[in-house]
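Q: Those letters in the sequence shown? Residues 27 to 247, per my numbering, in order.
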Amino acid sequence: MKKPEWYSDAQKYWNAVPATVDGMLGGFETIDPIDVKGSISFIKEFVDQNIISTEYACDCGAGIGRVTKNFLLQVPFKRVDLVEQAESFVQQAKSEYLAQEIEQGKVGNVFCQGLQGFTPEEGKYDLIWCQWVLGHLTDEHFVNFFKRCIKGLKPNGFIGVKENNASKEALFDDEDSSVTRPNQALKRLFAEAGLTIVKEEVQKGFPAGLFAVRMYLLKPQ
27 MKKPEWYSDA
37 QKYWNAVPAT
47 VDGMLGGFET
57 IDPIDVKGSI
67 SFIKEFVDQN
77 IISTEYACDC
87 GAGIGRVTKN
97 FLLQVPFKRV
107 DLVEQAESFV
117 QQAKSEYLAQ
127 EIEQGKVGNV
137 FCQGLQGFTP
147 EEGKYDLIWC
157 QWVLGHLTDE
167 HFVNFFKRCI
177 KGLKPNGFIG
187 VKENNASKEA
197 LFDDEDSSVT
207 RPNQALKRLF
217 AEAGLTIVKE
227 EVQKGFPAGL
237 FAVRMYLLKP
247 Q
């Protein structure tokens, strides 16, 4: 996991993936509405009670902007920034997939960089959402990334995480340089970064044979 090519191999993998919703979902485009419904339901009570403000969100590991378009802007957050390291995905987001949302001012900055190097502006976001991306970070970069994210939150801000869970031990994928961590490993890293779990839920309705997917709502300790 600490090999020098860890991040460059991941970048090569994603550079070869089509800049489409199907590409973002690894050939499982049909799960998009199920995924979106689960995410909206997960934070709904916090939005309805004004516990989560909906001024500004950040979509980390955004791809072409599927989560931004279909989830975050439907909550609705008034404005969303994106962070994505694959240049082809960023160009597709800007030129086509999110072009209308950018023109309307609903999408702000689109940062083309990996999360291991991303530092959010201090005190900017109500919600930082990370989905199907944290497996590309080493444990050390995972913890440091979230420490920076904490500084990027508004005083009452939250971090949302939606990730695959391995059943027992961490599973490494050499093809895309990723690790699928078990639930307890993720929780250990959250705690190490200084985060408390406010809500945790398993995504329902995905096809059999896929990893279990968990959502976590986190706030600074």
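C-beta atoms are modelled at their ideal positions from N, C-alpha and C, and glycine is treated no differently.
With a threshold of 16 other CB atoms inside 10 Å of the CB of Ala83, please say whether the residue is buried or exposed.
A: Position 57 of the sequence shown, counted from the start, is the residue given in the question as residue 83. Result: buried.
Q: Give every residue of the same chain whose Cβ lies closer than 6 Å to the Cβ of Lys104, excluding the five residues on either side of it in the sequence, and list them in chain order.
A: In the sequence shown, the residue the question calls residue 104 occupies position 78. Glu81, listed in sequence order.
Q: What does DSSP give as the partner residues of Phe184 in its beta bridges?
A: Taking the first residue of the sequence shown as 1, we reach residue 184 at position 158. For Phe184, which the question treats as bridged, DSSP gives the partners Leu153.
Q: With three or more beta-carbon pairs closer than 8 Å as the criterion, would you say the segment 147 to 154 touches the segment 180 to 199?
A: Yes: at least three Cβ pairs fall under 8 Å.
Q: Along the alpha helix (DSSP H) that carries Ile309, what are the first and last residues, could you check?
A: Residue coverage of the chain in this structure runs from 27 to 247, which leaves residue 309 outside it and unanswerable.
Q: Would you report the Cα separation of Pro146 and Phe168, rounded to the nearest angstrom?
A: Sequence index remark: in the sequence shown, residue 146 carries index 120 (1-based). Sequence index remark: in the sequence shown, residue 168 carries index 142 (1-based). Cα to Cα, the separation comes out at about 14 Å.
Q: Cβ of Asn125 within 8 Å of Cβ of Val109?
A: Looking up residue 125 in the sequence shown gives position 99. Looking up residue 109 in the sequence shown gives position 83. Reading the sequence as shown, one finds Ala at residue 125 and not Asn. Taking 8 Å as the Cβ cut-off, Ala125 and Val109 do not qualify as a contacting pair.
Q: Is Pro102 a contact residue of the ligand FMN, with contact defined as CB to any heavy atom under 7 Å?
A: Ligands displayed in this structure: none; no statement on the ligand FMN is therefore possible.
Q: Which class does Thr222 belong to by DSSP, given the choice of helix, strand or coil?
A: To locate residue 222, count along the sequence shown from 1; it is residue 196. Thr222 falls in the strand class under three-state DSSP.
Q: What first and last residue would you give for the alpha helix (DSSP H) that runs through Tyr39?
A: Here residue 39 corresponds to residue number 13 of the sequence shown, with the count starting at 1. Looking at the DSSP string, the run of the alpha helix (DSSP H) that includes Tyr39 is Trp32 to Asn41.
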